[in-house]
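One gets my numbering by counting positions in the sequence shown from 1 and adding 334 to each. Worksheet for the structure shown next.
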Amino acid sequence: TKLMAYPDALKDLEECLKLDPKFVKAYSRKGVVHFFMKEYHKAMQAYDKGLAIDPDNEECKNGKEQVINKISETSRSGEVDEEQIRHAMADPEIQQILHDPQINMFLKSMQENPKEAQKAMQSDPKLQEAVSKLMAAGIIRTG
């Protein structure tokens with residue numbers, strides 16, 4: 335394979351998971367590929383799927399920790415990573431979240447009244463999940 339041919343690697347990993355959906359190493363590798371593509375929300379999902387199969391898998395635990403640290407670092411830095419934003423905006427899942435009227439109302443309320451928005455998010459698991467994905471994708475920043 336070619337060096338840094340991440341889309342090809344993802345295709346290979348998807349094929350691998352079709353053959354054996356419980357192959358944890360494929361999920362950890364998928365997490366690594368998404369991480370290097372700056373698709374942190376997808377890396378997190380891959381590691382979570384691996385950990386759902388094997389909660390003690392060190393590669394998935396370490397990978398997830400690395401993703402969480404990177405999301406925090408990126409969010410606090412205040413710098414905008416254009417490549418990360420491009421990848422996120424091309425992701426159908428992120429597009430769907432951003433086109434959800436409830437999410438749009440929440441994002442607007444975050445700017446106008448952050449404390450109320452925080453309360454709303456704490457009482458709505460769907461909203462929490464969507465906001466977490468947007469933060470991981472670099473769309474929402476805390477810094």
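We treat Cβ as the ideally placed atom computed from N, Cα and C, and that holds for glycine.
Rounded C-alpha distance that separates residue i from residue j
{"i": "A454", "j": "Q400", "result": "29 Å"}
{"i": "E407", "j": "L353", "result": "36 Å"}
{"i": "K442", "j": "E450", "result": "11 Å"}
{"i": "A380", "j": "P341", "result": "15 Å"}
{"i": "E463", "j": "S457", "result": "12 Å"}
{"i": "P426", "j": "K467", "result": "12 Å"}
Short Cβ contact (8 Å threshold) for residue i with residue j
{"i": "A343", "j": "I405", "result": "no"}
{"i": "H421", "j": "M378", "result": "no"}
{"i": "V358", "j": "G384", "result": "yes"}
{"i": "I437", "j": "I428", "result": "no"}
{"i": "G472", "j": "I402", "result": "no"}
{"i": "L368", "j": "K376", "result": "Note that residue 368 is His in the sequence shown here, rather than Leu. Yes, the pair counts as a contact, with Cβ atoms nearer than the cut-off."}
For the 8 Å Cβ check, are there 3 or more pairs between the segment 384-400 and the segment 357-370? yes
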